[in-house]
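J.: Quick note on numbering: the sequence shown equals residues -26 to -1, 1 to 237 in mature numbering (1 follows the signal peptide of the UniProt record, and there is no 0). Beta carbons: idealized from backbone N, C-alpha and C, even for Gly. Here it is: the structure, laid out below.
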Amino acid sequence: MGDLSPSTLSHCAALLLLVIFVGCSSEERSIYIVFVEGEPLAFRRNLLPLGEGKELDPNSEVYNSHAKHLVESHRQLLQSTLESGSYNMIHSFTHLVNGFSLHTTPTQVSKLKKRRGVTLVERDRGAKLMTTYTPQFLKLPEGVWAEEGGDRSAGEGIVIGFIDSGINPIHPSFAVDPTNPFTANLTRFSGECETGPRFPRSSCNGKIVSARFFAAGAQAAATLNTSVDFLSPFDAVGHGRYSSVASLLSFDYIKKSSSLQSL
């Protein structure tokens, strides 16, 4: 085999570099949850107002100042650890946990795991919704509800919060019923009522106290199907799919119905 000309060698070198670059750039990205050292805001006693029985106010100036500080610390950690353009920061978590979520590659994640101050890195995984009969699954009818006076007293005056993949504001459990008026004191709640397709502001009618949706992760990972997944708290297909919803509900008795499975 004869000697290769300088031109041929340069083309071979360019081809080799191209192969290496393509191999690196094709690494699959995923969503990761990262926890870091330092107390989240809910556990910082210095943020509590003075006086017995005082509660943490997430709308206060001091709270927002500390929240901004944590968010900035998350950004700085990423900028000083990972390559520019190799990740997309999605959320900062500041209230109950100190951490963030990002869309990146396993190579970049390995760098994060070695970084001092990082306590946990977990890949986000999907989960199949297994039941639509939660009361029966938890044995509530013959348990707690029976002790509290049966179905008609179950949930009276109680406000609950839950995370699900959607909520239907026109479902009989949540819709306004003129024959059975329902009122709730909303002054004690600071949550938001996020609006969007098929979820107007009137959806938070006192039965639904507040509702928010979180779809940034699904959008970043390109798993959001906009034909069935609404960018709102609305649930179009029974349990929804990717747009996780956090809601606060004020409950009263609702007659049992087969439609309860579409909550």
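From which residue to which residue does the alpha helix (DSSP H) around Thr93 run?
T.: Note, Thr93: premise wrong, no alpha helix (DSSP H); beta strand (DSSP E) at 92 to 97.
J.: DSSP on Gly191, reduced to helix/strand/coil?
T.: Reduced to three states, the DSSP call for Gly191 is helix.
J.: Over what stretch of residues does the beta strand (DSSP E) that includes Ser75 continue unbroken?
T.: It spans 73 to 78 - the beta strand (DSSP E) in which Ser75 sits, taken as one unbroken run.
J.: Whose CA, out of Leu205, Gly180, Ile7, Asn72, lies closest to the CA of Lys87?
T.: It is Ile7 whose Cα lies nearest to the Cα of Lys87.
J.: In this structure, how does DSSP classify His65 when only helix, strand and coil are distinguished?
T.: In the structure shown, His65 sits in a strand (DSSP, three-state: E or B).
J.: What residue range does the alpha helix (DSSP H) around Val150 cover?
T.: No alpha helix (DSSP H) holds Val150; DSSP gives it neither H nor E.
J.: Give the secondary structure of Val(-5) by DSSP, where H, G and I count as helix, E and B as strand, and everything else as coil.
T.: Legend: pLDDT at Val(-5) = 45, less than 50; position of this residue unreliable, no value from coordinates given.
J.: At a cut of 8 Å, does the segment 14 to 24 reach the segment 78 to 94 through at least three beta carbon pairs?
T.: Segments in contact, no.
J.: Going by DSSP, what residue range makes up the beta strand (DSSP E) through Phe136?
T.: Per DSSP, Phe136 belongs to the beta strand (DSSP E) from 133 to 138.
J.: Assuming the contact rule is C-beta atoms closer than 8 Å, His77 and Ile5 should be a hit. Round their C-beta distance to whole Å, please.
T.: Right, the Cβ-Cβ distance comes to about 6 Å (below 8 Å), so this counts as a contact.
J.: Is the CB-CB distance between Phe204 and Arg172 below 9 Å?
T.: A contact, by the Cβ cut-off of 9 Å.
J.: Kindly indicate which three-state DSSP category Tyr216 falls into: helix, strand or coil?
T.: Annotation note: pLDDT 40 at Tyr216 (below 50); position unreliable, no value reported.
J.: For a test of the three-state rule: what should DSSP assign to Ser60, helix, strand or coil?
T.: DSSP places Ser60 in coil when its eight states are reduced to three.
J.: Only counting the same chain, and skipping five residues up and downstream in sequence, which positions put a Cβ closer than 7 Å to that of Val45?
T.: Excluding positions up to five away in sequence, the list reads Ser66, Thr68.
J.: Consult DSSP for Tyr37 and reduce its assignment to one of helix, strand or coil.
T.: In this structure, Tyr37 counts as helix in the three-state DSSP scheme.
J.: Pro143: which of Arg97, Lys181, Leu30, Val95 sits nearest, CA to CA?
T.: The shortest C-alpha separation from Pro143 is found at Lys181.
J.: Where DSSP assigns a beta bridge to Cys167, which residues make up the other side?
T.: DSSP output for Cys167 lists Ala185 as bridge partner(s).
J.: Beta carbon of Phe188, beta carbon of Gly140: below 9 Å?
T.: Cβ atoms of Phe188 and Gly140: not closer than 9 Å.
J.: Bridge partners for Ser4 per DSSP, in chain order?
T.: Partner(s): Thr78.
J.: Expressed to the nearest angstrom, what Euclidean distance is found between the alpha-carbon atoms of Asn179 and Gln53?
T.: Near 43 Å, if we compare the C-alpha coordinates of Gln53 and Asn179.
J.: Roughly how many whole angstroms lie between the Cα atoms of Gly91 and Ser177?
T.: Each residue's Cα considered, the two are about 42 Å apart.
J.: For Val183 versus Val150, is the C-beta spacing smaller than 9 Å?
T.: No, the pair does not count as a contact, with Cβ atoms beyond the cut-off.
J.: For Ala101, which option in His43, Thr153, Asp138, Asn199 has the closest C-alpha, if you only look at C-alpha atoms?
T.: Nearest option by C-alpha distance: Asp138.
J.: Leaving out the 5 sequence neighbours to the left and right, which residues in its chain are closer than 7 Å to Ser47 when beta-carbon positions are compared?
T.: Closer than 7 Å at the Cβ level, and outside the excluded window around Ser47, lies no residue.
J.: Pick helix, strand or coil for Phe111, following the three-state DSSP scheme.
T.: Three-state DSSP puts Phe111 in a helix.
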